[in-house]
Amino acid sequence: MSNVGTGEGRVPAGAPQHDVGAEDDGLKVGPPKEWAAGVPGIVHAMEPTLRGMGPARTAKLLLRMNHKHGFDCMSCAWPDPDRRKPAEFCENGAKAVAWEASTLTVDQGFWREHSLTELAGRSEYWLGQQGRLVDPVYKAADSDHYAPVSWEEAFRIVGQHLAALDSPDEASFYTSGRTSNEAAFAYQLFARAFGTNNLPDCSNMCHESTGSALGEVIGVGKSTVTYDDFARADLIIIMGQNPGTNHPRMLTALEEAKHAGAQIVAINPLPEAGLMRYKNPQTPRGIVGRGTALADQFVQVRLGGDMALLQAVSKRVLDAEARHPGDVLDHDFIDTYTTGLDAFASSLADLDEDEVLAATGVASAEIDELADRYLTAQRVIVTWAMGLTQHKKAVPTIKEIVNLLLLRGNIGRPGAGASPIRGHSNVQGDRTMGIWEQMPDAFLDALDAEFGTSVPREHGLDAVGTIDAMRDGRIRTFVSLGGNLVSAISDTAVAERAIARTGLSVQISTKLNRSHTITGREALILPCLGRTEIDRQASGEQFVSVEDTVCAVHASRGSVEPSGPNLLSEVTIVARIARAAADARRERGADAHDLDAVDWEGFERDYDVVRDHIAAVVPGCEDYNAKIRRESGFVLPHGPRDSRTFPTSDGKAHLTVNALEHVACPPGRLLLQTVRAHDQFNTTIYSRNDRYRGVKGGRDVIFVHPDDVADLGLRDGQQVDVHSEFEDGVDRVLPGLRVVAYPTARGCAAAYFPEANVLVPLGAVAEQSNTPVSKAVVVRLEPAEVPAPA
Ligand SMILES: Nc1nc2c(c(=O)[nH]1)N[C@H]1C(S)=C(S)[C@@H](COP(=O)(O)OP(=O)(O)OC[C@H]3O[C@@H](n4cnc5c(=O)[nH]c(N)nc54)[C@H](O)[C@@H]3O)O[C@H]1N2
Ligand SMILES: Nc1nc2c(c(=O)[nH]1)N[C@H]1C(S)=C(S)[C@@H](COP(=O)(O)OP(=O)(O)OC[C@H]3O[C@@H](n4cnc5c(=O)[nH]c(N)nc54)[C@H](O)[C@@H]3O)O[C@H]1N2
Ligand SMILES: [Mo]
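With numbering that gives the first Met the number 0, letter number 622 in the sequence shown gets 621, and the count goes up by one each step, no holes.
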């Protein structure tokens with residue numbers, strides 16, 4: 000099963016035999032002093048991705064990326080080290096910048112040429128290749144085309160629709176995690192002043208399970224570690240995360256930790272290239288190849304087996320304590336800071352090893368080895384991402400991480416902690432700023448105190464809830480601040496029909512995607528500045544601020560000219576929608592209510608005004624304008640991390656009892672997970688390659704263990720239709736995938752997101768967090784009817 004030996008991190012037998020790093024060998028990037036010369040090297044290596052940007056723009060941007068006076072990379076939420084390297088970016092960050100800063104633009108003729116019907120038939124890849132959106136466009140009710148519209152008219156249309164609703168709760172305001180803190184704060188304020196808490200966001204599909212679990216058991220839903228903790232840890236356990244592709248700069252931190260003596264354990268059904276081997280080319284960081292072996296132990300768990308695995312490790316820790324009473328657990332910590340040990344220990348006393356084996360597919364000896372590593376380490380960090388959060392039992396699984404860490408006091412001390420690794424670069428900041436359909440009353444009270452408003456207290460709709468409500472006709476206006484909800488959410492066909500029932504859909508975006516082609520009866524595209532671009536307002540050039548996965552907040556400044564003269568900033572667009580909604584309410588003889596309580600023009604003129612309000616409302620952001628101007632920004636306070644203060648109901652960290660459950664896979668079926676390829680950012684497809692997994696020029700593949708391929712009577716390379724099986728009995732099919740024999744865990748399979756979203760019913764969600772279950776879908780593979788050659 001998992002045949003990567005201790006200390007070696009070999010790629011298991013059956014892994015693609017080519018050198019996954021082969022292409023990188025041509026990448027010539029010099030040491031710091033030669034970095035100017037290095038940039039063209041990167042450009043060369045990443046052709047054609049960077050072609051659209053031109054050399055001058057490219058160099059300027061790549062060198063400012065993640066720097067103290069530059070802009071924050073939009074490709075992930077990995078933090079910046081305090082001592083920055085000259086080129087503080089990775090290959091995928093460069094791709095994200097190139098994609099945004101493309102000089103190619105969608106001209107006005109494009110909209111005449113392409114009907115919506117035609118655009119809806121295009122792939123995400125094609126749509127993203129059309130260039131930057133630079134003019135607002137409107138699709139009228141009776142038209143199959145968008146057509147250019149003035150900004151005034153665009154805002155008037157949104158305002159009219161919003162004012163015409165019977166209730167503010169008939170609108171829903173989605174946010175994707177690239178939005179700045181300033182835009183996010185303005186947006187949630189607008190939605191609430193308008194009268195609704197319907198603020199779904201990408202986090203609902205992402206780390207919501209993390210927030211639910213951590214919030215409940217330690218009182219704060221965020222990482223308990225700082226950047227520097229990685230170098231101080233002596234064991235780092237990486238669960239359900241593929242940093243080589245999705246957080247490449249994390250590999251540098253892991254390599255540094257390794258040099259400082261840390262051991263690394265990867266827990267994953269897939270032997271992900273970046274977890275196995277890492278070649279640090281100095282710059283750019285994050286290139287995977289035949290370099291250092293990273294993982295000391297690779298635990299090849301079955302999909303959804305982590306809860307059982309964690310319980311089995313905790314049980315071994317408790318058994319060790321029973322053998323050496325007083326020597327194993329951190330009793331001082333447990334007595335002072337936690338509750339629930341006795342119940343937890345007795346629940347694990349009769350943990351069934353056979354069930355653990357069935358759930359994990361991992362031999363007892365491997366679990367013993369993992370437990371030994373945990374027991375010999377003094378400072379342990381556990382990181383995780385979508386491989387844990389997108390399961391039915393995601394929330395209890397994450398609570399089991401906390402259980403394990405608490406047993407030996409691994410929270411709230413240097414080099415130790417629980418570290419969710421967020422996805423979108425500012426998804427955490429957006430939440431801090433109030434983008435959440437269930438913000439606590441304390442936050443809403445602070446808003447009311449600051450603005451004199453009376454914002455609603457009833458919880459709003461999340462992402463799944465919004466689609467559900469659209470389906471029933473309960474949401475009539477949909478506004479999206481970034482993102483691509485139709486493509487990102489589960490049950491694609493249902494989501495598309497749901498959006499089509501709205502009266503108006505509004506996308507505030509940088510680039511074309513499927514959510515622009517599947518619209519309400521009327522639709523608007525409002526094109527905005529991206530993070531790379533200079534944002535000029537009446538008071539001068541503006542900067543924005545963002546928060547990374549370890550709660551560090553800092554400024555981000557664009558440095559190139561906007562892609563078009565007609566672009567507005569996100570803050571401006573939000574402020575003008577708010578004013579238009581207020582005007583429209585007045586025109587209808589109604590009161591603008593709370594919308595008039597805010598100085599929207601002031602927000603737009605000078606983002607310091609927004610930040611002054613953030614300072615007054617958001618805990619930890621006091622004196623925001625001063626702190627954000629410090630070179631390295633500042634770190635938000637975090638009780639558990641800083642002082643072992645746990646803001647839970649009883650002020651303690653909770654060891655919890657979680658009934659063991661795993662996803663059973665009926666005979667002849669597989670468990671399918673949906674993953675990202677190396678050349679994509681969520682629904683944005685940069686190219687159709689996934690070179691770390693050996694795939695080139697296509698995405699219609701399903702990775703299956705060679706023995707499962709044989710057992711299912713299939714052949715490597717065969718075309719299959721993938722049918723998912725859920726209790727609702729609906730036959731959901733992803734047709735025409737090519738079987739790729741691949742060393743994933745037995746009984747498991749993987750295909751690409753977002754294509755595979757067609758297979759997941761809207762109602763298949765994680766308990767408590769309501770996150771779509773994207774990582775363990777029971778599927779049946781049927782040989783596809785391949786048309787005979789003509
Ligand atoms: N280049 C690039 N960077 C990105 C993104 C991108 O699309 N492209 N997306 C961003 C976003 S929004 C996010 S949320 C993150 C996502 O970062 P990841 O969570 O790394 O993304 P996924 O591709 O979903 O990979 C999930 C990983 O978990 C493993 N896994 C799946 N199921 C299980 C399980 O049951 N148990 C265990 N132990 N492992 C499992 C998979 O094999 C895979 O390695 O990346 C962010 N960064
Ligand atoms: N099956 C399956 N489904 C999943 C996942 C999975 O692993 N499997 N992962 C889930 C996760 S973790 C997430 S986070 C969601 C992602 O869901 P979203 O965040 O909604 O999707 P993205 O693809 O990141 O959004 C990309 C679009 O954002 C716009 N954009 C880019 N930059 C900017 C900007 O600066 N400003 C504005 N206004 N717009 C911008 C562009 O138009 C681009 O097309 O998908 C989820 N869906
Ligand atoms: Mo995400």
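Virtual Cβ for every residue (Gly too), placed ideally from N, Cα, C.
Thinking C-alpha only, which one of A468, I466, T225, S558 is nearest I410? Along the sequence shown, read from residue 1 onward, the residue named residue 410 stands at position 411. Nearest option by C-alpha distance: T225.
Start and end residues, beta strand (DSSP E) containing M554: Within the sequence shown, residue 554 is the residue found at index 555, counting from 1. Sequence check: residue 554 is Ala here, not Met. Start and end: 551 to 555.
In this structure, does DSSP put E99 in helix, strand or coil? To locate residue 99, count along the sequence shown from 1; it is residue 100. DSSP places E99 in helix when its eight states are reduced to three.
Reduced DSSP category for D18 - H, G, I as helix; E, B as strand; rest coil: Stepping through the sequence shown from its first residue, residue 18 is reached at position 19. Note on D18: pLDDT 26, under 50, position unreliable in the model; no value is reported.
Rounded straight-line distance, which links the Cα of T174 to that of L480: As a working note, residue 480 is residue 481 in the sequence shown. As a working note, residue 174 is residue 175 in the sequence shown. Rounded to whole angstroms, L480 to T174 spans 5 angstroms at the Cα level.
Nonlocal neighbours in the same chain, by C-beta distance under 6 angstroms from N688, ignoring five residues either side: Walking along the sequence shown from the start, residue 688 turns up at place 689. Contacts found: D678, K695.
Out of T388, F450, R315, A591, point me to the one whose CA is closest to T375's CA. Along the sequence shown, one-based indexing puts residue 375 at 376. Among T388, F450, R315, A591, the Cα nearest to that of T375 belongs to R315.
Is the beta carbon of V772 sitting closer than 8 angstroms to the one on V778? As a first step, residue 772 is located in the sequence shown; it is residue number 773 there, counting from the start. As a first step, residue 778 is located in the sequence shown; it is residue number 779 there, counting from the start. No, these two residues do not count as a Cβ contact at 8 angstroms.
Alpha-carbon spacing of V674 relative to P270, whole angstroms: Within the sequence shown, numbered from 1, the residue matching residue 674 stands at position 675. Within the sequence shown, numbered from 1, the residue matching residue 270 stands at position 271. If you take the alpha carbons of V674 and P270, they lie about 13 angstroms apart.
If you pair each beta-carbon of the segment 383 to 393 with each one of the segment 425 to 441, do three or more pairs fall below 8 angstroms? no
Segment limits, beta strand (DSSP E) that includes V298: Counting from one through the sequence shown, the residue named residue 298 turns up at place 299. That run of the beta strand (DSSP E) goes 296 to 298.
Which residues does DSSP list as the beta-bridge partners of P753? Along the sequence shown, one-based indexing puts residue 753 at 754. Beta-bridge pairing links P753 to no other residue.
Cα-Cα separation, D23 to Y691: For the purposes of this step, residue 23 is taken as the residue at position 24 of the sequence shown. For the purposes of this step, residue 691 is taken as the residue at position 692 of the sequence shown. Annotation note: pLDDT 29 at D23 (below 50); position unreliable, no value reported.
Can you tell me the Cα-Cα spacing of D727 and D490, whole angstroms? Within the sequence shown, the letter at position 728 stands for residue 727. Within the sequence shown, the letter at position 491 stands for residue 490. Taking the straight line from one Cα to the other gives about 13 angstroms.
Taking the straight line between their C-alpha atoms, what separation do you get for A775 and V545? As a working note, residue 775 is residue 776 in the sequence shown. As a working note, residue 545 is residue 546 in the sequence shown. Cα-Cα distance, rounded: 32 angstroms.
Unbroken alpha helix (DSSP H) runs of length 4 or more, entirely within the segment 413 to 473: which are they? 426 to 431, 440 to 450, 462 to 470
Determine contact between the segment 256 to 265 and the segment 290 to 309, defined as no fewer than three beta-carbon pairs at a distance below 8 angstroms. yes
Count the other CB atoms within 10 Å of the CB of G127; is the residue buried (16 or more) or exposed (fewer)? In the sequence shown, residue 127 corresponds to position 128, counting from 1. Counting Cβ neighbours within 10 Å, G127 comes out buried, since at least 16 surround it.
May I ask whether a heavy atom of ligand 3 can be found less than 7 angstroms away from the beta carbon of C620? Position 621 of the sequence shown, counted from the start, is the residue given in the question as residue 620. Flag unset: Cβ of C620 not near ligand 3.
If we ignore side chains and look at the alpha-carbon of each, how far apart do T396 and V157 end up? As a position in the sequence shown, residue 396 is number 397, starting the count at 1. As a position in the sequence shown, residue 157 is number 158, starting the count at 1. Answer to the nearest angstrom: the Cα atoms are 42 angstroms apart.
Regarding E123 and ligand 1, is the C-beta to nearest heavy atom distance less than 7 angstroms? Residue mapping note: residue 123 aligns to position 124 of the sequence shown, counting from 1. Incorrect: E123 has no Cβ contact closer than 7 angstroms to ligand 1.
Whole-number beta carbon distance between T531 and A100, since they are thought to touch under 8 angstroms: Your numbering for residue 100 matches position 101 in the sequence shown. Your numbering for residue 531 matches position 532 in the sequence shown. Right, their Cβ atoms sit about 5 angstroms apart.
Let me know the alpha helix (DSSP H) ranges lying completely inside the segment 206 to 276, each 4 residues or longer, listed in chain order. 207 to 216, 228 to 231, 242 to 245, 247 to 258, 272 to 275
Simplified DSSP state of C664, which is helix, strand or coil: Here residue 664 refers to the residue found at position 665 of the sequence shown. Reduced to three states, the DSSP call for C664 is coil.
Check this for me: beta carbons of W77 and D547, under 8 angstroms apart or not? On the sequence shown, position 78 is the one that residue 77 refers to. On the sequence shown, position 548 is the one that residue 547 refers to. Yes, these two residues count as a Cβ contact at 8 angstroms.
Please list the terminal residues of the continuous beta strand (DSSP E) segment that includes T673. The residue given as residue 673 occupies position 674 in the sequence shown. Element bounds for T673: 669 to 674.
Per-residue DSSP class, three states only, for Y373: For the purposes of this step, residue 373 is identified with residue 374 of the sequence shown, where counting begins at 1. Looking at Y373 - three-state DSSP - the assignment turns out to be helix.
R668 versus E169, H704, Q377, residue with shortest Cα-Cα distance: Reading the sequence shown from its first residue, position 669 is the one you call residue 668. Of the candidates E169, H704, Q377, the one whose C-alpha sits nearest the C-alpha of R668 is H704.
What is the rounded straight-line gap between the Cα of K67 and the Cα of D607? Stepping through the sequence shown from its first residue, residue 67 is reached at position 68. Stepping through the sequence shown from its first residue, residue 607 is reached at position 608. Taking the straight line joining both Cα atoms gives about 19 angstroms.
Can you name the start and end residues of the alpha helix (DSSP H) that Y186 belongs to? Residue numbering aside, residue 186 sits at position 187 when the sequence shown is read from its first letter. Unbroken alpha helix (DSSP H) run through Y186: 180 to 193.
Let me check you understand the geometry: is the CB of D305 closer than 7 angstroms to at least one non-hydrogen atom of ligand 1? If you number the sequence shown from 1, residue 305 lands on position 306. Yes, ligand 1 has a heavy atom inside 7 angstroms of this Cβ.
DSSP three-state label for H515, please. The count along the sequence shown starts at 1 and reaches residue 515 at position 516. Helix, per DSSP.
Quick one, are the C-beta atoms of V426 and L404 less than 8 angstroms apart? Within the sequence shown, the letter at position 427 stands for residue 426. Within the sequence shown, the letter at position 405 stands for residue 404. Taking 8 angstroms as the Cβ cut-off, V426 and L404 do not qualify as a contacting pair.
Taking its Cβ as the centre, do 16 or more other Cβ atoms sit within 10 Å of D71, making it buried, or is it exposed? Within the sequence shown, the letter at position 72 stands for residue 71. Buried, by the Cβ-count rule.
Whose C-beta lies closer than 6 angstroms to the C-beta of V355 among residues of the same chain, with five residues either side of it excluded? Position 356 of the sequence shown, counted from the first residue, corresponds to residue 355. Once the five neighbours on either side are set aside, the close Cβ partners of V355 are A307, A311.
K138 - containing beta strand (DSSP E), residue span: The residue labelled residue 138 in the question sits at position 139 within the sequence shown. Its beta strand (DSSP E) spans residues 136 to 138.
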